[in-house]
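Q: Chains as they are written, first to last, in the numbering used here: chain A, 2 to 313; chain B, -1 to 317.
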């Protein structure tokens, strides 16, 4: 491919004068991130949303299971800002509670997937021969599994067992996090492996090797920190994907038990009353949409900010 | 070419075996006993139960059980539905055509949107058209299909009253009226799936075309005095589409996931809603068979992707 210039990768010595002033890489990344206005605004919305979901139940003290048959399927009002459902339960209170679960599942599943992906990718990237070949075969195998059916299958088979060991709430939470995380590590593994392949031949790693650094030190001190940028971006996107997976499961009636109101579950409950109680479906749906959209925008901004070749 | 396809076929076999191994492991590790129902039934004496277990090979070593399970799965002996009381394979073959039709048409819709929009956005990057298209694509793939489906129902079925929101498998009308009814009831599921796919494909097409459009050979084509149309469509897009084809094919497992959700929302009697229904009713033979069929379809599409890739990209040798 000699003589061809790729359009996307144009270094052109862009980060010129600022490089001279001694800013840390993180401060530089933050400066670049702020340039992406949509991502910056999204980050604030996301922080606000997390704060509301975390602290909201402390301020808004309405029980999630307070049944009130006199106020069934009422639209938004002063007493119930988001309206009520078919049993007269307050939707705002239920959504605040569900938001905690959705966000917690998203972050926990992302962490699970990242740990597995980084470990597998790093091991495959630093070792050659059959270890690498086997791990990549495993990655390809997992990539070609039908994700959603397998998720449903695993939850169907192991739901009862975990429920009896850890209790309904913690058991299902663990199961969903493990299953979503355990089926989402493959792109990260490939990404990390590719990064390792190019980084381990770079001069600075060679220098470390020449100075007698052990493989472990080369990986932990020199290669991994430099491979972190794309991993952070992938981690951000993975949170959004995990939230969608959890909502999908709950929406299909196979996530958390019916008395735990996650956003997907509320949306599922509302399906039979779409014509008379539109607000019931709209609020949780919009909540999922805004969360996923802002996370994706933040991921996009991070991609630009952490890519040193990109001129901002 | 024939040898190439044969080689790809041979490579597909281990991955099919791997998937079947994963499915079997899940099945074998799953707590609970298929004979739970019999065990709790006081009319069945324990000796009969043990004899039944032995006859079904449940006491054999694991590898024998796996081989036994795999051969019967491959032969299409998927057992007997606990709920519907008919053979699982007739149940599945009944449902597959609808699913294939909905998925196939939605992919066509997605291509029809993503290709032109992605190419136009890449030809003039950072123009107003590109900005609007990219923003819509971002919104499009941040909207989960279950929420788009509900929004469609709210707007088109309830607010405007154009389309029915429950799919009917038995349409009484004939001739033109039949097509009209079918069109009306399948347009929403198809659009929900299609728009979601279009959003992510449009980004692939855009970045892929953007990658090639400033390469030297495109400049050469321009400097020869070819029209912009020929340069873009014949020189740039043709090459840009090669990576897009693989990405599209690799995304198809996800499309099946989307189809499960869409079928559930619009109550389309396809293989996805069959899966959900049987999970909600603990109908294990149907669940295993549907998952196995979906896994086979995924392997099949990966195979098609490989073959298409080899055919599109002359740098890959067939031998």
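The C-beta atom is built at its ideal place from N, Cα and C for all residues, glycine as well.
#1: How long is the line joining the alpha carbons of residue 205 of chain A and residue 125 of chain A, rounded to whole angstroms?
#2: Give a yes or no on whether 7 Å exceeds the smallest Cβ distance from residue 294 of chain A to chain B.
#3: When the Cα atoms are used, what is the spatial distance from residue 93 of chain A to residue 83 of chain A?
#4: The alpha helix (DSSP H) that contains residue 66 of chain B, what's its start and end?
#5: Under 8 Å, with one C-beta from each stretch per pair, do the segment 211 to 221 of chain B and the segment 110 to 117 of chain A reach the 3-pair mark?
#6: Does the distance from the CB of residue 97 of chain B to the CB of residue 268 of chain B come in under 7 Å?
#7: Go ahead and pull the three-state DSSP assignment for residue 143 of chain B.
#8: Classify residue 48 of chain B: buried if its beta carbon has 16 or more other beta carbons within 10 angstroms, exposed otherwise.
#9: Indicate the three-state DSSP secondary structure (helix, strand or coil) for residue 91 of chain A in the structure shown.
#10: List, in order along the chain, the chain A residues whose C-beta lies closer than 7 Å to that of residue 249 of chain B?
#11: Taking the alpha-carbon of residue 101 of chain A as reference, which of A:68, A:247, A:254 and A:211 has the nearest alpha-carbon?
#12: Is there a Cβ from chain A that is less than 7 Å from the Cβ of residue 319 of chain B?
#13: Under DSSP, the alpha helix (DSSP H) around residue 304 of chain A begins and ends at which residues?
#14: Rounded to whole angstroms, what's the CA-CA distance from residue 141 of chain A to residue 297 of chain B? Just pull it up for me.
#15: Where does residue 40 of chain A land, buried or exposed, given buried means 16+ other C-beta within 10 angstroms?
#16: For residue 262 of chain A, return the contacting residues in chain B, with the cut-off set at a CB-CB distance below 9 Å.
#17: Look at residue 284 of chain B and residue 276 of chain B and say whether their C-beta atoms are less than 7 Å apart.
#18: Does residue 85 of chain A come out as helix, strand or coil in the three-state DSSP assignment?
#19: Please tell me whether residue 253 of chain A has its Cβ less than 7 Å away from any Cβ of chain B.
#20: Let me confirm a value: residue 3 of chain A is counted as buried when at least 16 other C-beta atoms fall within 10 Å, else exposed. Which label applies?
#21: Under the three-state reduction of DSSP, which class applies to residue 85 of chain B: helix, strand or coil?
#22: Report yes or no: is there a C-beta of chain B within less than 7 Å of the C-beta of residue 275 of chain A?
#23: To which residues of the same chain is residue 187 of chain B closer than 6 Å at the C-beta, ignoring the five residues directly before and after it?
#24: If you draw a straight line from the C-alpha of residue 193 of chain A to the C-alpha of residue 4 of chain B, how long is it?
#25: Which first and last residues belong to the alpha helix (DSSP H) in which residue 234 of chain B is found?
#26: Flag this pair as yes or no: are the beta carbons of residue 147 of chain B and residue 190 of chain B separated by less than 7 Å?
#27: Which of the three DSSP states is assigned to residue 114 of chain B in this structure?
#28: Per DSSP, what kind of secondary structure is residue 35 of chain A in: helix, strand or coil?
#29: For chain A, find out if any of its Cβ atoms is closer than 7 Å to the Cβ of residue 13 of chain B; answer yes or no.
#30: Do the segment 157 to 169 of chain A and the segment 215 to 222 of chain A touch if we need at least three Cβ pairs shorter than 8 Å?
#31: Among B:307, B:309, B:135 and B:301, which residue has its Cα nearest to the Cα of residue 11 of chain B?
#32: Does DSSP classify residue 266 of chain B as helix, strand or coil?
#33: Quick check on residue 223 of chain B - is its C-beta less than 7 Å from some C-beta in chain A?
#34: Just to confirm the assignment, what range does the alpha helix (DSSP H) spanning residue 194 of chain B have?
#35: Where do the N-terminal and C-terminal ends of the alpha helix (DSSP H) with residue 164 of chain B fall, by residue?
#36: Spatial neighbours of residue 116 of chain B within its chain, please: C-beta separation below 6 Å, excluding the five flanking residues on both sides.
A: Reading from the atomic positions:
#1: Locating residue 205 of chain A in the first chain gives position 204, counting from the first residue. Locating residue 125 of chain A in the first chain gives position 124, counting from the first residue. Taking C-alpha positions only, residue 205 of chain A is separated from residue 125 of chain A by approximately 21 Å.
#2: For the purposes of this step, residue 294 of chain A is identified with residue 293 of the first chain, where counting begins at 1. Yes, contact with chain B.
#3: The residue labelled residue 93 of chain A in the question sits at position 92 within the first chain. The residue labelled residue 83 of chain A in the question sits at position 82 within the first chain. A direct Cα-to-Cα measurement between residue 93 of chain A and residue 83 of chain A gives close to 5 Å.
#4: Within the second chain, the letter at position 68 stands for residue 66 of chain B. That run of the alpha helix (DSSP H) goes 60 to 72.
#5: Contact between the segment 211 to 221 of chain B and the segment 110 to 117 of chain A is absent, because fewer than three Cβ pairs lie under 8 Å.
#6: Within the second chain, residue 97 of chain B is the residue found at index 99, counting from 1. Within the second chain, residue 268 of chain B is the residue found at index 270, counting from 1. The answer is yes: Cβ separation under 7 Å.
#7: Indexing the second chain from 1 puts residue 143 of chain B at position 145. Helix.
#8: Taking the first residue of the second chain as 1, we reach residue 48 of chain B at position 50. Residue 48 of chain B comes out exposed.
#9: Counting from 1 along the first chain, the entry for residue 91 of chain A is found at position 90. Residue 91 of chain A falls in the strand class under three-state DSSP.
#10: On the second chain, position 251 is the one that residue 249 of chain B refers to. Within chain A, no residue has its beta carbon less than 7 Å from that of residue 249 of chain B; the closest one is some 11 Å off.
#11: In the first chain, counting from the first residue as 1, residue 101 of chain A sits at position 100. Here the closest residue by C-alpha is A:247.
#12: Outside the shown range of chain B, which is -1 to 317, sits residue 319 of chain B, and nothing can be said about it.
#13: Against the first chain, residue 304 of chain A aligns to sequence position 303. Per DSSP, residue 304 of chain A belongs to the alpha helix (DSSP H) from 279 to 307.
#14: Here residue 141 of chain A refers to the residue found at position 140 when the first chain is read from its first residue. Here residue 297 of chain B refers to the residue found at position 299 when the second chain is read from its first residue. Their Cα atoms are separated by approximately 11 Å.
#15: In the first chain, the residue the question calls residue 40 of chain A occupies position 39. Counting Cβ neighbours within 10 Å, residue 40 of chain A comes out buried, since at least 16 surround it.
#16: The residue given as residue 262 of chain A occupies position 261 in the first chain. Result: empty, since nearest Cβ-Cβ is about 16 Å, beyond 9 Å.
#17: On the second chain, position 286 is the one that residue 284 of chain B refers to. On the second chain, position 278 is the one that residue 276 of chain B refers to. In this structure, residue 276 of chain B lies closer than 7 Å to residue 284 of chain B by Cβ.
#18: Position 84 of the first chain, counting from 1, holds the residue named residue 85 of chain A. If DSSP states are grouped into helix, strand and coil, residue 85 of chain A belongs with the strands.
#19: Your numbering for residue 253 of chain A matches position 252 in the first chain. For residue 253 of chain A, the answer is yes, since a Cβ of chain B falls inside 7 Å of its Cβ.
#20: For this step, residue 3 of chain A is matched to residue 2 along the first chain. With a pLDDT of 42 at residue 3 of chain A, under the threshold of 50, the modelled position of that residue is not reliable, and the figure given next carries that caveat. With fewer than 16 Cβ atoms within 10 Å of its Cβ, residue 3 of chain A is classed as exposed.
#21: Here residue 85 of chain B corresponds to residue number 87 of the second chain, with the count starting at 1. In the three-state scheme derived from DSSP, where H, G and I count as helix and E and B as strand, residue 85 of chain B is classed as strand.
#22: In the first chain, the residue the question calls residue 275 of chain A occupies position 274. Closer than 7 Å to some Cβ of chain B, the Cβ of residue 275 of chain A qualifies, so yes.
#23: For the purposes of this step, residue 187 of chain B is taken as the residue at position 189 of the second chain. Only 100, 260, 264 and 266 meet the Cβ criterion.
#24: The sequence position of residue 193 of chain A within the first chain is 192, counting from 1. The sequence position of residue 4 of chain B within the second chain is 6, counting from 1. Straight-line spacing of the CA atoms in residue 193 of chain A and residue 4 of chain B works out to 32 Å.
#25: One-based indexing of the second chain puts residue 234 of chain B at position 236. Unbroken run through residue 234 of chain B: none, as it is neither H nor E.
#26: Locating residue 147 of chain B in the second chain gives position 149, where the first residue counts as 1. Locating residue 190 of chain B in the second chain gives position 192, where the first residue counts as 1. The answer is yes: Cβ separation under 7 Å.
#27: For this step, residue 114 of chain B is matched to residue 116 along the second chain. Helix at residue 114 of chain B.
#28: By 1-based counting over the first chain, the position of residue 35 of chain A is 34. Note: residue 35 of chain A maps to helix in three-state DSSP.
#29: Counting from 1 along the second chain, the entry for residue 13 of chain B is found at position 15. Flagged as an interface residue toward chain A: residue 13 of chain B, by a C-beta distance shorter than 7 Å.
#30: The segment 157 to 169 of chain A vs the segment 215 to 222 of chain A: no contact.
#31: Taking the second chain and counting its residues from 1, the one referred to as residue 11 of chain B is at position 13. Looking at B:307, B:309, B:135 and B:301, the one whose alpha-carbon comes closest to that of residue 11 of chain B is B:301.
#32: What you label residue 266 of chain B is simply residue 268 of the second chain in a count that begins at 1. Correct three-state label for residue 266 of chain B: coil.
#33: As a working note, residue 223 of chain B is residue 225 in the second chain. With 7 Å as the cut-off, residue 223 of chain B does not count as an interface residue toward chain A.
#34: In the second chain, counting from the first residue as 1, residue 194 of chain B sits at position 196. From DSSP, the alpha helix (DSSP H) with residue 194 of chain B extends over 174 to 211.
#35: Here the question's residue 164 of chain B lines up with position 166 in the second chain. If you look at residue 164 of chain B, you'll find it isn't in any alpha helix (DSSP H); DSSP assigns it neither H nor E.
#36: Numbered from its first residue, the second chain carries residue 116 of chain B at position 118. Same-chain partners within the cutoff: 200, 203 and 204.
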